[in-house]
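Shown next, in structure tokens, is the structure this report addresses.
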Amino acid sequence: MKKIFSVFLALLLVFPLFACGKKEENVVNVYNWGEYIDESIFDDFEEQTGIRVNYKTFASNEMLYSSLKSGGSSYDVIIPSDYMAARMVEENMLLPLDYSQIPNMANLDAQYLNLEYDPQQLYTVPYMWGVTGIIYNTTMVDHPITSWMDLFTTDLTGQVLMFDNPRDCIGIALKALGYSFNTTSEDEITEAANLLIDQKEKGIVQAYVMDQIFDKMINNEAAIGTYYAGDYITMSEENPDLAFCIPSEGANLFVDAMCVPTVCENYDNAMAFINFMCSDDVVLRNCEETGYSTPSATALEQMDEEVSGNPVAYPASDILDNCETYGGLPSSTLSFYDHEWIRICLAKVKVH
Amino acid sequence: MKTKTPAIPYIVWMGIFVVIPLILIVIYAFTNFDGHFTLDNFSNIDVFLQVFGNSLWLALIATVICLLIAYPFAYLLAQEGPVFRKIAMLFIMLPMWMNFLLRTYAWMSILENNGFLNQFLGLFGIGPLHLINTDGAVVLGMVYNFLPFMILPIFSVIDKLDKRYIEAAQDLGANRRETFRRVIFPLSLPGVLSGIMMVFIPSISTFAISKLLGGGMSFLLGDLIEMQFLGAAYNPHLGSAIALMMLALVVIAMLIMNRFGDGEEGAVVM
Amino acid sequence: MKAKSPVLSRIFNALVFVFLYLPIVVLIIFSFNDSKSRTVWSGFSLHWYTELFHDEEILSAFSTTLTVSLLASLIATVLGTAAAIGFFSMRRRPRQLLMTVNNIPMTNADIITGVSLMLLFVFTGNILGFSLGFGTLLVAHITFNIPYVVLAVMPKLRQLDPNLGEAALDLGATPWQAFWKVLMPELRPGIFNGMLIAFTLSIDDFVISYFTAGSEVSTLAMQIYAMTRKRISPEVNALSTILFVTVLVLLIIVNLREVRQQNLKDRQNRALKRDAAR
Chain G
1 MKKIFSVFLA
11 LLLVFPLFAC
21 GKKEENVVNV
31 YNWGEYIDES
41 IFDDFEEQTG
51 IRVNYKTFAS
61 NEMLYSSLKS
71 GGSSYDVIIP
81 SDYMAARMVE
91 ENMLLPLDYS
101 QIPNMANLDA
111 QYLNLEYDPQ
121 QLYTVPYMWG
131 VTGIIYNTTM
141 VDHPITSWMD
151 LFTTDLTGQV
161 LMFDNPRDCI
171 GIALKALGYS
181 FNTTSEDEIT
191 EAANLLIDQK
201 EKGIVQAYVM
211 DQIFDKMINN
221 EAAIGTYYAG
231 DYITMSEENP
241 DLAFCIPSEG
251 ANLFVDAMCV
261 PTVCENYDNA
271 MAFINFMCSD
281 DVVLRNCEET
291 GYSTPSATAL
301 EQMDEEVSGN
311 PVAYPASDIL
321 DNCETYGGLP
331 SSTLSFYDHE
341 WIRICLAKVK
351 VH
Chain S
1001 MKTKTPAIPY
1011 IVWMGIFVVI
1021 PLILIVIYAF
1031 TNFDGHFTLD
1041 NFSNIDVFLQ
1051 VFGNSLWLAL
1061 IATVICLLIA
1071 YPFAYLLAQE
1081 GPVFRKIAML
1091 FIMLPMWMNF
1101 LLRTYAWMSI
1111 LENNGFLNQF
1121 LGLFGIGPLH
1131 LINTDGAVVL
1141 GMVYNFLPFM
1151 ILPIFSVIDK
1161 LDKRYIEAAQ
1171 DLGANRRETF
1181 RRVIFPLSLP
1191 GVLSGIMMVF
1201 IPSISTFAIS
1211 KLLGGGMSFL
1221 LGDLIEMQFL
1231 GAAYNPHLGS
1241 AIALMMLALV
1251 VIAMLIMNRF
1261 GDGEEGAVVM
Chain L
2001 MKAKSPVLSR
2011 IFNALVFVFL
2021 YLPIVVLIIF
2031 SFNDSKSRTV
2041 WSGFSLHWYT
2051 ELFHDEEILS
2061 AFSTTLTVSL
2071 LASLIATVLG
2081 TAAAIGFFSM
2091 RRRPRQLLMT
2101 VNNIPMTNAD
2111 IITGVSLMLL
2121 FVFTGNILGF
2131 SLGFGTLLVA
2141 HITFNIPYVV
2151 LAVMPKLRQL
2161 DPNLGEAALD
2171 LGATPWQAFW
2181 KVLMPELRPG
2191 IFNGMLIAFT
2201 LSIDDFVISY
2211 FTAGSEVSTL
2221 AMQIYAMTRK
2231 RISPEVNALS
2241 TILFVTVLVL
2251 LIIVNLREVR
2261 QQNLKDRQNR
2271 ALKRDAAR
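Protein chains in written order, with the working numbering: chain G, 1 to 352; chain S, 1001 to 1270; chain L, 2001 to 2278.
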């Protein structure tokens, strides 16, 4: 009898713990890239709607995917890039949006709608767009940088920062070799991975980074790195020696889009938040803070000439035509990417 | 007062939160995304043996360095007065109150190309040395973070040593070196083994330290597992398979420990 | 056993402390830095300390950490003490088996504990309809805390006079009275020690929280880890400095008191002995 009582007691102790994962009434859980929003807008949103923003950040599309797939987390609004949004649609991870609750959609330029990753425009609202490229320190690099191949030469040994995510990192090597970002040829992907492994083994790479690149480039820790154009603009405000180059082989043109995952618990709040994010004032503040480029036509009109005329944020059309977007890849290619990415991670520096 | 009843809640707790999760790891390791039995997760083992070898090697170096620092430290400290000893031990524990990620991050500022160490060496015209984002930096991070866990058990064993053994040895004509080799060291062995476990296992499984100080240039078992669950290559089944292999390593280490100790070494730590 | 050269040995030990405290000194100094930089000193300022008290994210992460650590160590202390008492009255074989299981979370790699608990929580969560959050975080912390409490209480039980409890019962105490009035005072140092270790480990934990906290709550360690992806705000340095100094002061007070009490006791003992000798 006593024993049964204790078992009961133990269970009694356990279960209320789960129950107290209490649902806060008016909240929207937002999961975004790091350094990708002006956080002061959250107060305004709460003031306007009474909805509190619970904000968290991730470092790469793949991390976002993992934390959603692992389960147990509940986000209401997520901001993946185009190719990841496509994969999520494919795997039924997104809810269709109720565009009637997002009237500010009308502000957006039609050229950013109905793109390849969401052809019927059912699941996404574009947030920002931009290009990838090479950021370098003009005091530390003595020749002009024009090509992705410049990242693989030994004269910058120990000075190169590479992307810490498979799609961007392997993509660069693919482009450097003259292939498409969206190739499904395992031979081409292997060749690209081997190029990266060779680069790592020769000690050319200093580190694989995501947002850590801000600190490293601003403090002259590294001479050259690959990252997103908008972030270059933010960095160059603190270190005027930095320069940006869109390599001649062409770079990645990406659109990051707001989506609602199936685990969403506050759908209407999510709609309200997405709508708020498309209002001109908020778009302008976010662009100002992040340096990225907006798909909003109305906001672009109101923007400072100096910003909207910046060729890094809004490159000329012939340069953009040379860029390529990431498309969705078949799952066999995706798992091959994982396999090759692990191989790159495992490579060791062979010199020194 | 002889009653087993009070243990029952914890036994139930252990069953749910210690045993079942480990069983889940085994199940995940031998299934695929469709839930079917498979051995595929172990098919890439050659690739993983490489990372196993690398992690094992770095963890071993870190453990040996910890031992080389901690043993003399504990031995010398044990000869100080009681107040000094107590205060010294408190100061060994105290850093734990500052989050380890933060302290590891501070090492970044010290080791960077433009960091404090290179600035300091620059005053003497040395350098700059390439320190950060190397295996060496990762080992340093391990030694730094886990050194207290080597010092604590060794010190508590040496501190509690029955001084009469030493006196007896000396009375019987043993010199200092012999006394140490034949009396003190064998008696302190449980503490040493406990310390080795407490440094080796966290070292081999860390992922935060290698991320911060290794910058992706040093890839460890912990990174590989984290990557499969919350990182860049989602595959919890593969992750579980690797975790299972690591678990095997832990069990082997535990068995070796049990062989030497009396099975409740953990108590040494207290 | 006298060391050959106490000066040399003290220098060695001092160097170990320099090694352990070097990054902490760096952190504390740069919490007073005027700028955001973590390597370039640009003047003294209390700026980050005032900022800290307006940063809701950091403060809420800190309060989550404190709440979880306090609750987890308290619950673990109750469960662990009870378990130790129960284990102690078992025969050798089952006790050894249970102690082996007890040692698992302690010896096992944190990442395995974290990942395996995450699998359990997500699996049962899908069935019972809960998601990762404060509850799962707390359970995970309790799970890795209990073993330390058990191990801290066990030796005290072993030192106990086995007849003590019987005597109390014989003298008419109820089992509860016997527990509270007789057993408890003997076990108290072990229990307290276990709770302190549990609390400290909970405060410092990152890996297990990282896998079990999910999206809604964040501990300070998780917040710091997220920040390392770009740059840790000096506000965190400020908070850690405050925490560190608080603990340091507490430790000094407690130890001074202990030393003083010890002295007092010694003096009383000596006085008693003197009286007895007369």
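For glycine and all other residues, C-beta sits at the position ideal for the given N, C-alpha and C.
Item                                                                                                                                                                             : Value
Give a yes or no on whether the minimum CB-CB distance between Q111(G) and chain S is below 8 Å.                                                                                 : no
Decide if D2266(L) is buried, meaning its Cβ has at least 16 other Cβ atoms within 10 Å, or exposed.                                                                             : exposed
Between the alpha carbons of L2128(L) and T1005(S), how many angstroms are there, rounded?                                                                                       : 29 Å
Across which residues does DSSP place K56(G) in a beta bridge pair?                                                                                                              : Y31(G)
Grab the span of the beta strand (DSSP E) containing N137(G) for me, first residue to last.                                                                                      : V125 to N137
Are any of the Cβ atoms in chain L nearer than 8 Å to that of Q48(G)?                                                                                                            : no
Could you spell out the range, first to last residue, of the alpha helix (DSSP H) harbouring L161(G)?                                                                            : It is not in any alpha helix (DSSP H) - L161(G) instead sits in the beta strand (DSSP E) that spans V160 to F163.
Starting from L253(G) and walking both ways along the beta strand (DSSP E), at which residues does that stretch end?                                                             : L253 to M258
What does the alpha-carbon distance come out to for the pair D82(G) and D1046(S)?                                                                                                : 35 Å
Is the number of C-beta pairs between the region 1157–1165 of chain S and the region 1118–1125 of chain S that are closer than 8 Å three or more?                                : no
How close, in whole Å, do the beta carbons of F2134(L) and V2217(L) come, if the pair is a contact with beta carbons under 8 Å?                                                  : 5 Å
Could you check whether the Cβ of K56(G) sits closer than 8 Å to any Cβ belonging to chain S?                                                                                    : no
I'd like the list of long-range same chain contacts for G21(G), defined as Cβ closer than 6 Å, with 5 residues on each side in sequence excluded.                                : Residue confidence is low: G21(G) scores 44 on pLDDT, short of 50, so the model does not pin down where it sits. No coordinate-derived value is stated.
Taking all protein chains shown into account, do 16 or more other C-beta atoms lie within 10 angstroms of the C-beta of F2192(L), making it buried, or fewer, making it exposed? : exposed
Report yes or no: is there a C-beta of chain L within less than 8 Å of the C-beta of S147(G)?                                                                                    : no
Which residue or residues does DSSP assign as beta-bridge partners of T226(G)?                                                                                                   : I134(G)
Counting pairs of Cβ atoms below 8 Å between the region 2166–2181 of chain L and the region 2063–2080 of chain L, do you hit three or more?                                      : no
Any residues in the region 1019–1030 of chain S with a beta carbon nearer than 8 Å to a beta carbon of chain L? Which ones, in chain order?                                      : V1019, I1020, P1021, L1022, L1024, I1025 and Y1028
Determine, for A2132(L), whether the minimum Cβ-Cβ distance to residues of chain G falls below 8 Å.                                                                              : Residue 2132(L) is actually Leu in this sequence, not Ala. Yes - at least one Cβ of chain G is within 8 Å of the one on L2132(L).
Does the beta carbon of M140(G) come closer than 8 Å to any beta carbon on chain L?                                                                                              : no
Determine the burial state of L1024(S): buried for a count of at least 16 other Cβ atoms within 10 Å of its Cβ, exposed for fewer.                                               : buried
Can you tell me where the beta strand (DSSP E) with A1078(S) in it begins and where it stops?                                                                                    : It is not in any beta strand (DSSP E) - A1078(S) carries neither H nor E in the DSSP assignment.
Helix, strand or coil: which one does DSSP assign to A355(G)?                                                                                                                    : Coverage of chain G is limited to positions 1 through 352, which leaves residue 355(G) absent and any answer about it impossible.
Please identify, using Cβ separations under 8 Å, the residues of the region 213–228 of chain G that lie next to chain L, in order along the chain.                               : F214, D215 and N219
If you measure between the beta carbons of Y75(G) and N107(G), is that distance less than 8 Å?                                                                                   : no
Using DSSP with H/G/I as helix, E/B as strand and the rest coil, what is E1265(S)?                                                                                               : Confidence is the limiting factor: at E1265(S) the pLDDT is only 42, short of 50, which leaves the residue's position unreliable, though a coordinate-based value still follows. Three-state result, E1265(S): coil.
In the DSSP assignment, the alpha helix (DSSP H) including L2196(L) goes from what residue to what residue?                                                                      : M2184 to D2204
Closer than 8 Å, CB to CB, is N1114(S) near chain G or not?                                                                                                                      : yes
What residue from T49(G), D187(G) and A347(G) has the CA that sits closest to T333(G)'s CA?                                                                                      : D187(G)
Please list, in chain order, the chain L residues whose beta carbon lies closer than 9 Å to that of Y75(G).                                                                      : S2215
If the criterion is Cβ atoms closer than 8 Å, does the pair C1066(S) and V1143(S) meet it?                                                                                       : yes
Which of the three DSSP states, helix, strand or coil, is assigned to P119(G)?                                                                                                   : coil
Helix or strand or just coil, what does DSSP make of Y74(G)?                                                                                                                     : Tyr is not the amino acid found at residue 74(G); the sequence shown has Ser there. In the structure shown, S74(G) sits in coil (DSSP, three-state: anything other than H, G, I, E or B).
Expressed to the nearest angstrom, what Euclidean distance is found between the alpha-carbon atoms of T2100(L) and F2244(L)?                                                     : 35 Å
Hey, out of Y99(G), G327(G) and S147(G), whose CA is closest to C245(G)'s CA?                                                                                                    : S147(G)
Assign F1030(S) to one of three DSSP states: helix, strand, or coil.                                                                                                             : coil
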